[in-house]
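The structure appears right after this line, and notes come after that.
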Amino acid sequence: AQKVTQAQTEISVVEKEDVTLDCVYETRDTTYYLFWYKQPPSGELVFLIRRNSFDEQNEISGRYSWNFQKSTSSFNFTITASQVVDSAVYFCALSSGSARQLTFGSGTQLTVLP
Amino acid sequence: KAGVTQTPRYLIKTRGQQVTLSCSPISGHRSVSWYQQTPGQGLQFLFEYFSETQRNKGNFPGRFSGRQFSNSRSEMNVSTLELGDSALYLCASSLGTVLNTEAFFGQGTRLTVV
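Chains as they are written, first to last, in the numbering used here: chain A, 1 to 114; chain B, 1 to 114.
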């Protein structure tokens with residue numbers, strides 16, 4: 001069985017602050033993929049990033065960065081200089097050979113205040 | 001390139017009725033997955049179809065069924081609706097299996113059972 005835990009239910013920050021969303025995962029597979037999705041109020045899940053289990057390099061895309069650490073089974077997401085438009089629910093997800101489906105965490109509601 | 005299209009966007013049904021939801025994937029995508037999102041249970045996997053074959057099924061009762069057509073469009077059917085079936089139903093399409101390719105989601109169908 002696989003599991004994704006997002007311990008932070010809600011986070012509120014003031015615009016321009018940096019914010020880190022935590023994600024801890026569990027899987028017995030050695031090959032797996034980790035994802036982050038953003039869900040704005042309109043409802044659709046917007047793909048942000050995919051990482052495979054063999055690539056632990058951190059990644060930066062504009063104001064977004066991701067820190068993947070196998071040793072702690074974590075895949076954290078940082079938004080630098082947050083903006084009001086970043087307000088959304090963010091989901092971390094996991095897929096692996098044995099499960100063949102996306103397993104989502106419970107999501108973190110991020111509110112960026114002006 | 002058109003995204004994932006789900007119809008209808010909103011539905012209100014009565015307990016005991018049945019409902020069919022439709023999903024048109026991104027052109028060229030052969031995999032369609034369905035997810036149920038509720039405040040209490042979060043995002044849960046329903047099933048995945050690839051080339052008209054169901055490849056994987058989540059832990060849902062037999063009242064939930066689906067199919068995929070030769071043009072990759074998919075339908076999901078829920079029979080004998082219960083109040084607990086009220087949820088946002090999200091469809092995702094991907095080129096290959098969700099194991100290693102990103103899934104693109106539609107805006108969902110919000111089903112309310114009264």
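Cβ coordinates follow ideal geometry from the N, Cα and C atoms, glycine included. If you're wondering where the values come from, they're calculated on a predicted model, not measured in any experiment.
- Per DSSP, the unbroken beta strand (DSSP E) holding T7 of chain B starts and ends at T5 to T7.
- Of the candidates B:F69, B:V114, B:Y49 and B:N71, the residue whose Cα lies closest to the Cα of L81 of chain B is B:V114.
- Under DSSP, E10 of chain A takes part in a beta bridge, and its partners are A:Q109.
- With a cutoff of 7 angstroms on beta-carbon distance, V112 of chain A and Q39 of chain A are scored as not near each other.
- Around N56 of chain B, the beta-carbon contacts reaching into chain A at under 7 angstroms are R100 and Q101.
- DSSP places G43 of chain A in the coil class of the three-state scheme, outside both helix and strand.
- Taking the CA atoms as reference points, G3 of chain B sits about 9 angstroms from S93 of chain B.
- Close to G108 of chain B, with beta-carbon spacing below 7 angstroms, are these residues of chain A in chain order: G43 and E44.
- Counting other Cβ atoms within 10 Å of its Cβ, Y10 of chain B stays below 16 and is therefore classed as exposed.
- In the assembly as shown, D18 of chain A is an exposed residue. Its beta-carbon has fewer than 16 other beta-carbons within 10 Å.
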